[in-house]
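Notes follow the structure.
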Amino acid sequence: MENLSPKQKVLLLDVLSRGGESWLKDLTKSQYDLKSHRQPLIVKGYVSETKEKFSGQGNVRTRAMVKISLTDKGWELLESLAEIPDIPQVKSYAEVKARIHSTLFKALKKRSLSLKGIFSEVATEASEAMTAETLLKKIAEIDRKLFMPGGGLRLAVVRQKLPDWPEDVVNALLADLQRRERLVLYRFDSPPTEEDTRAALMMAGEPRHYLYLT
Numbered sequence: 263m264e265n266l267s268p269k270q271k272v273l274l275l276d277v278l279s280r281g282g283e284s285w286l287k288d289l290t291k292s293q294y295d296l297k298s299h300r301q302p303l304i305v306k307g308y309v310s311e312t313k314e315k316f317s318g319q320g321n322v323r324t325r326a327m328v329k330i331s332l333t334d335k336g337w338e339l340l341e342s343l344a345e346i347p348d349i350p351q352v353k354s355y356a357e358v359k360a361r362i363h364s365t366l367f368k369a370l371k372k373r374s375l376s377l378k379g380i381f382s383e384v385a386t387e388a389s390e391a392m393t394a395e396t397l398l399k400k401i402a403e404i405d406r407k408l409f410m411p412g413g414g415l416r417l418a419v420v421r422q423k424l425p426d427w428p429e430d431v432v433n434a435l436l437a438d439l440q441r442r443e444r445l446v447l448y449r450f451d452s453p454p455t456e457e458d459t460r461a462a463l464m465m466a467g468e469p470r471h472y473l474y475l476t
């Protein structure tokens, strides 16, 4: 969702929280009345926009109203999320996020899933998986074609292959492995690429861009 604006992200999540489709008038605080807020999502194929007959209550007569629906591509994008994102730029997002959390908790209860079981299992998996030895194993499993000539491995490749590992955890484990002489971290002498600069680990005031296993 990186290529979407904050309001576009909230629009997708707002529609999700309402079951995948919603009348435009019902979306949180009508902040999407400007078509410019949702047109890019239509162009990218994440949502569709149709006009359908809407019957109001009381004396409100039937009239055509805009309905926003998630497409298969939109569902696929949202299902790829690792977590419900924070979008502080849009104040009304708090209402949307609360509705999503409420729906998720109702789904857990309906399926008789235990919160204790879920959270303790996740914590156990994380504590078991994110260790120095597991990191070494993960590095050893990386395709040798991605190693540099001579056997070095760029940290940018390591981070790319560990998308679910927090950066600070990887940094701490790499530093620990170097202290234990299980690997050695080096910096590039030539100017690094932007990707290598972002992936670098700072040690003793200097960036380290790649590693060698010992």
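Numbering-wise, this note's numbering comes out as the position in the sequence shown, counting from 1, plus 262. We put the beta carbon where it would ideally sit given N, CA and C, even for glycine.
Enclosing beta strand (DSSP E) for residue i [first to last residue]
i: S364; result: That residue, S364, is in no beta strand (DSSP E); its alpha helix (DSSP H) goes Y355 to K372.
i: W285; result: E283 to W285
i: L275; result: Where L275 is concerned, there is no enclosing beta strand (DSSP E), although the alpha helix (DSSP H) it sits in stretches over P268 to S279.
i: L398; result: Per DSSP, L398 belongs to no beta strand (DSSP E); it is in the alpha helix (DSSP H), A394 to A402.
Candidates the options, of which the one nearest residue i by Cα
i: G279; options: L370, S374, H363 and L408; result: Before going on, a small fix: residue 279 reads as Ser here, not Gly. Nearest option by C-alpha distance: H363.
i: L340; options: A434, K297, L303 and E457; result: L303
i: Y308; options: E314, S298, I330 and K315; result: I330
i: E457; options: E443, V420 and F367; result: V420
i: E395; options: D334, K313, D426 and Q440; result: Q440
Cα-Cα separation between residue i and residue j, rounded to whole angstroms
i: L473; j: K407; result: 15 Å
i: D502; j: V358; result: In this structure the chain extends from 263 to 476, so residue 502 is not present and cannot be described.
i: D288; j: V431; result: 42 Å
i: A466; j: R449; result: 12 Å
i: K400; j: L435; result: 12 Å
i: M464; j: R470; result: 6 Å
i: T476; j: M392; result: 20 Å
i: G282; j: L343; result: 16 Å
i: L447; j: K372; result: 50 Å
i: A437; j: E345; result: 28 Å
i: L397; j: D451; result: 26 Å
i: N321; j: V305; result: Note that N321 has pLDDT 49, beneath the 50 cutoff, so the model's placement of it is unreliable and the number below is only indicative. Approximately 37 Å, taken between the alpha carbons.
i: P411; j: W427; result: 26 Å
Nonlocal neighbours in the same chain, by C-beta distance under 8 Å from residue i, ignoring five residues either side
i: L274; result: M263, L266, L303, Y308, V309, L332, G336, L339 and L340
i: R460; result: A418
i: A462; result: L417, R449, P454, P469, R470 and H471
Contacting residues, own chain, Cβ-Cβ under 7 Å from residue i (five flanking each side not counted)
i: L424; result: K400 and V432
i: F409; result: L415
i: G413; result: Y474
i: I349; result: P268, K271, V272 and Y355
Close beta carbons around residue i, own chain, < 6 Å, minus the five adjacent residues each side
i: H299; result: K269
Range of the contiguous alpha helix (DSSP H) that encloses residue i
i: E484; result: Look at the range of the chain in this structure, 263 to 476, and you will see that residue 484 is not part of it.
i: P302; result: Q301 to V305
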